[in-house]
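Just so we're aligned: 19 in full-length UniProt numbering is position 19 of the sequence shown, and the numbers increase by one with no gaps anywhere.
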Amino acid sequence: MESHERYTDTLSYLSMCLSMLCGGTTSLFATYNSSFTDLLHFTQYETNLVASLGDYAHYMSAPLFGYLTTRIGPTRVIQAAAVLMFFGYWGLSYMFEQTRGVGHQVGLMSVMFALVGVGSKAAYMATMATAARNFGSSRHKGVAMGVPLSLYGLSTFVFSSIKARWFEADESPRRYLAFMAGVSVVAHLVAAQFVVLNDEPAKEKKREMPVCAAGAEPVAVAERLPGDAADLAEAVEMTEPRRRRLTLSQPQPQPGGPSAEPKPEPKGALPPPTSALLLFARDPTAWALLLGLICFSGPGLAFINNCGTMVRAMSHTSTLTPSQLNQYRDRIVATQSFCSFSARLATGYLSDLWRTRLRLPRSALLIAAALLMIYAQTMASQISQLEELHWLAVLVGVAMGAAFTLAPTITAETWGAERFGICWGVITLGPAIGGHVCNLIFGAEWDRAQGGLEGENAQCDQACFAPAFLSTTMIAWVALGFFALVMALPLVRMRLQRPSAA
Numbered sequence: 001m002e003s004h005e006r007y008t009d010t011l012s013y014l015s016m017c018l019s020m021l022c023g024g025t026t027s028l029f030a031t032y033n034s035s036f037t038d039l040l041h042f043t044q045y046e047t048n049l050v051a052s053l054g055d056y057a058h059y060m061s062a063p064l065f066g067y068l069t070t071r072i073g074p075t076r077v078i079q080a081a082a083v084l085m086f087f088g089y090w091g092l093s094y095m096f097e098q099t100r101g102v103g104h105q106v107g108l109m110s111v112m113f114a115l116v117g118v119g120s121k122a123a124y125m126a127t128m129a130t131a132a133r134n135f136g137s138s139r140h141k142g143v144a145m146g147v148p149l150s151l152y153g154l155s156t157f158v159f160s161s162i163k164a165r166w167f168e169a170d171e172s173p174r175r176y177l178a179f180m181a182g183v184s185v186v187a188h189l190v191a192a193q194f195v196v197l198n199d200e201p202a203k204e205k206k207r208e209m210p211v212c213a214a215g216a217e218p219v220a221v222a223e224r225l226p227g228d229a230a231d232l233a234e235a236v237e238m239t240e241p242r243r244r245r246l247t248l249s250q251p252q253p254q255p256g257g258p259s260a261e262p263k264p265e266p267k268g269a270l271p272p273p274t275s276a277l278l279l280f281a282r283d284p285t286a287w288a289l290l291l292g293l294i295c296f297s298g299p300g301l302a303f304i305n306n307c308g309t310m311v312r313a314m315s316h317t318s319t320l321t322p323s324q325l326n327q328y329r330d331r332i333v334a335t336q337s338f339c340s341f342s343a344r345l346a347t348g349y350l351s352d353l354w355r356t357r358l359r360l361p362r363s364a365l366l367i368a369a370a371l372l373m374i375y376a377q378t379m380a381s382q383i384s385q386l387e388e389l390h391w392l393a394v395l396v397g398v399a400m401g402a403a404f405t406l407a408p409t410i411t412a413e414t415w416g417a418e419r420f421g422i423c424w425g426v427i428t429l430g431p432a433i434g435g436h437v438c439n440l441i442f443g444a445e446w447d448r449a450q451g452g453l454e455g456e457n458a459q460c461d462q463a464c465f466a467p468a469f470l471s472t473t474m475i476a477w478v479a480l481g482f483f484a485l486v487m488a489l490p491l492v493r494m495r496l497q498r499p500s501a502a
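Structure, rendered in structure tokens:
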């Protein structure tokens, strides 16, 4: 029986990894965004509007799918992801074939890319909410959540490499988008058959760990537990005060002892998940994390969505042919994806050591990611050679991968695995807002500079996008301040609680 459960859990985890590997393909937009300009004659602002609306749909749907995963389970949500991504990619492929020379179809293209974004987020939220629940009591939560996250980042690398090998000679991305439609529907339907939401880790935790009374010191728990259980309690101690504060309205009896005195429910108490969302919204740390991700992810997404345009702008500094430039653009996208994948894997492991061995908050690593993003944005505003885009892709990939591994793990630890789907869904609204604002800044600055060019064959260069990255550099500095608040607020709260506990 135990071996069968282990086999089921392993198959479920591999299915989640498959779903994430084939779900994180929205960043592939950079590999075919130049086709909107070259084939459909979109302006850069209109192209960025398609990307921004897709990002909006991608991130704004996160709370819905987090809630649905909790209510109806991950299987149906991943099946929905399969359908949405199929129709999104197939619609983009069809539109590229039917609208050439017909006129601008910005609205229809935005809807199709939005379907891809919504489907991608459905797969992401189903997988992350399931992983947070299945590994809620694990000492290696960072690694357990980091592996699917890293594959989500690797997705762009895999499929941009496939495009470079099999579809690079195509004038239009039509065949490539049709291929992505087929892969997306097959992979997610297969993954949906085997993913399982398993509550056994939480049950095991309840059996092994006594529940602290509201006024008890967390350290007493570790002293009562032998071996590995003590190490597990040590990992939980640092977030226990806030977790108790958020669950005061749901008291739990101590095993083998007198029941905790129940707290009276307020009249008209809101049912879950509304109650959980209200508690989350009242926490200043939640707002600091949300605003930090808005200001952090916006500059990163501005580079990711526009790196193809930047390659075209810097082409005058190299001797590459148009075909070689397209290959170089795909390598830039692949490099960013691979570095994001590597950073997610490494950050998951290192943050576990940082937390459990050094007993330092994971949020300190968010500050390091913000500093890296500031350096990348500064470099983007001063770039002078095409080859520098490669190193810029490395910096942005590492910074984005690290932050988007740390943030969901911090969310699960701070507000609880049972609330992860809703809380993380709200926080991931940040990249939608930040990405939209920074994409529009890039598009507006590009079109303004291009409109001032003289001569029929004049081409935009570094001067067309440098002002945009000067703006995103300042936005990244603001993100650093909010991440510092994410680290400082819990420490201040703990210091304020100590006298009352004494």
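Cβ atoms here follow ideal geometry from the backbone N, Cα and C, with glycine treated the same way.
Residues of its chain near residue i, where Cβ-Cβ distance is below 7 Å and the 5 sequence neighbours each way are ignored
| i | result |
| --- | --- |
| SER363 | ILE410, PHE483, VAL486 and MET487 |
| GLY66 | MET125, ALA129, GLY421, ILE422, TRP424 and GLY425 |
| TRP287 | none |
| SER52 | GLY435, HIS436, ASN439 and LEU440 |
| GLY268 | Summary for GLY268: the model assigns pLDDT 40, below 50, so the residue's position carries little reliability, and this model does not support an answer. |
| PRO173 | TYR32, SER35 and PHE96 |
| ALA216 | With a pLDDT of only 43 at ALA216, under the threshold of 50, the placement of this residue in the model should not be trusted; the figure read from the coordinates follows. Nothing meets the Cβ criterion. |
| THR163 | Reading off the sequence shown, one finds Lys at residue 163, where the question assumed Thr. Excluding positions up to five away in sequence, the list reads THR31, TYR176 and ASP330. |
| ILE374 | THR473, ALA476, TRP477 and LEU480 |
| ARG6 | none |
| PHE86 | ALA181, SER184 and VAL185 |
| GLY300 | MET373, VAL396, ALA399 and MET400 |
Where the alpha helix (DSSP H) through residue i begins and ends
| i | result |
| --- | --- |
| LYS121 | 106-134 |
| HIS58 | 44-60 |
| ALA373 | Here residue 373 turns out to be Met, not Ala, going by the sequence shown. Unbroken alpha helix (DSSP H) run through MET373: 363-381. |
| MET310 | 284-313 |
| PRO74 | 74-98 |
| ALA191 | 174-192 |
| SER318 | No alpha helix (DSSP H) holds SER318; DSSP gives it neither H nor E. |
| GLU415 | One detail in the question is off: residue 415 reads as Trp in this sequence, not Glu. Unbroken alpha helix (DSSP H) run through TRP415: 388-415. |
| TRP354 | 322-356 |
Counted within 10 angstroms of its Cβ, other Cβ atoms place residue i as buried (16 or more) or exposed
| i | result |
| --- | --- |
| MET145 | buried |
| VAL492 | exposed |
| HIS188 | buried |
| PRO226 | Interpretation of PRO226 is limited by its pLDDT of 42, a score under 50 that renders its predicted location unreliable; no figure is taken from the coordinates. |
| GLN377 | buried |
| PRO431 | buried |
| ILE72 | exposed |
| THR474 | According to the sequence shown, residue 474 is Met rather than Thr. Answer is exposed; the Cβ neighbour count stays below 16. |
| MET494 | exposed |
| TYR45 | buried |
| GLY117 | buried |
| ARG282 | exposed |
| VAL186 | exposed |
| GLN459 | exposed |
| ASP55 | buried |
| PRO264 | For PRO264, the pLDDT reaches just 45, beneath the cut-off of 50, and the residue's location in the model is therefore unreliable, leaving the point undetermined. |
| PRO262 | Residue confidence is low: PRO262 scores 41 on pLDDT, short of 50, so the model does not pin down where it sits. Its coordinate-derived value is still stated next. With fewer than 16 Cβ atoms within 10 Å of its Cβ, PRO262 is classed as exposed. |
| GLN385 | exposed |
Cβ neighbours of residue i in the same chain (closer than 6 Å, five flanking residues each side left out)
| i | result |
| --- | --- |
| ALA479 | GLY292, CYS295, PHE296 and ALA370 |
| VAL437 | GLY298 |
| VAL50 | MET109, SER110 and PHE113 |
| VAL77 | PHE65, LEU68, THR69, ALA122 and ALA126 |
| LEU246 | Confidence in LEU246 is poor, its pLDDT being 44 and thus under 50, which makes the residue's placement unreliable; the coordinate value appears in the next sentence. Closer than 6 Å at Cβ, skipping near neighbours: LEU279. |
| SER27 | THR156 and ILE304 |
| residue 508 | Any property of residue 508 remains undetermined from this structure, which presents the chain solely from 1 to 502. |
| SER161 | ALA334 |
| ILE433 | ILE294 |
| LEU489 | PRO284 and THR285 |
| ALA192 | THR75, ILE78 and GLN79 |
| residue 503 | As displayed, the chain neither begins before 1 nor continues past 502, which places residue 503 out of reach and without an answer. |
Own chain, CB closer than 8 Å to residue i, minus 5 neighbours either side, in chain order
| i | result |
| --- | --- |
| LEU154 | LEU21, GLY24, SER337, PHE338, SER340 and PHE341 |
| ILE367 | LEU480, PHE483, ALA484 and MET487 |
| VAL106 | PHE42, GLU46, LEU49 and VAL50 |
Please confirm if the stretch 181-188 is in contact with the stretch 83-97, defined as three or more CB-CB distances below 8 Å between the two stretches.
yes
For the 8 Å Cβ check, are there 3 or more pairs between the stretch 118-125 and the stretch 60-75?
yes
Those runs of the alpha helix (DSSP H) which lie wholly inside the stretch 428-470 and span at least 4 residues
429-451
Using 8 Å as the Cβ pair cut-off and three pairs as the minimum, do the stretch 412-420 and the stretch 312-322 touch?
no
Jot down the residue ranges of each uninterrupted alpha helix (DSSP H) in the stretch 6-47, minimum 4 residues, whole runs only, in chain order.
29-32 and 34-38
I want to know whether the stretch 441-450 touches the stretch 341-359 - three or more CB-CB distances under 8 Å.
no
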